[in-house]
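Structure, as structure tokens:
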Amino acid sequence: AERLAIFGSRAGRTGAELKVMAAIETKLPGYFTRDLADSCSTDEWGQDTLRLGNEELSFALGKDGSTRKKLARASGCILEYVGNVAYMA
29 AERLAIFGSR
39 AGRTGAELKV
49 MAAIETKLPG
59 YFTRDLADSC
69 STDEWGQDTL
79 RLGNEELSFA
89 LGKDGSTRKK
99 LARASGCILE
109 YVGNVAYMA
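Position in the sequence shown counted from 1, then plus 28, gives you the working numbering.
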């Protein structure tokens, strides 16, 4: 097993972690999302997840990820898609 250390601010570390998770999920589908259910965290700094259908994911990404960026900016959260699951932190 390989280990990865991520340094920086909390938001920066979380964004990098989600990007790495998305890359791994692309290579190994289901690695992070196989048994994952929708969740809503009550922690000050938590992660919410929302499973999306293929059409919803396509719409939520937008052209070149533009809709994802707009959603993240409007909500003030880090938004990354890991497989068909939206992670919001």
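Ideal placement from N, C-alpha and C gives every residue a C-beta, glycine not left out.
Secondary structure at Leu64: coil, using DSSP grouped into helix, strand and coil. One Cα belongs to Thr77, the other to Lys55, and the distance between them is close to 20 Å. In the same chain as Tyr115, and ignoring 5 residues on each side of it, the C-beta atoms closer than 7 Å to its own belong to Leu46, Gln75, Thr77 and Glu108, in chain order. Cβ neighbours of Leu80 within its own chain (closer than 8 Å, five residues either side excluded): Ala88, Tyr109, Asn112, Val113 and Ala114.
Per DSSP, Ala114 is not a residue of any alpha helix (DSSP H); the beta strand (DSSP E) it occupies stretches across Val113 to Met116.
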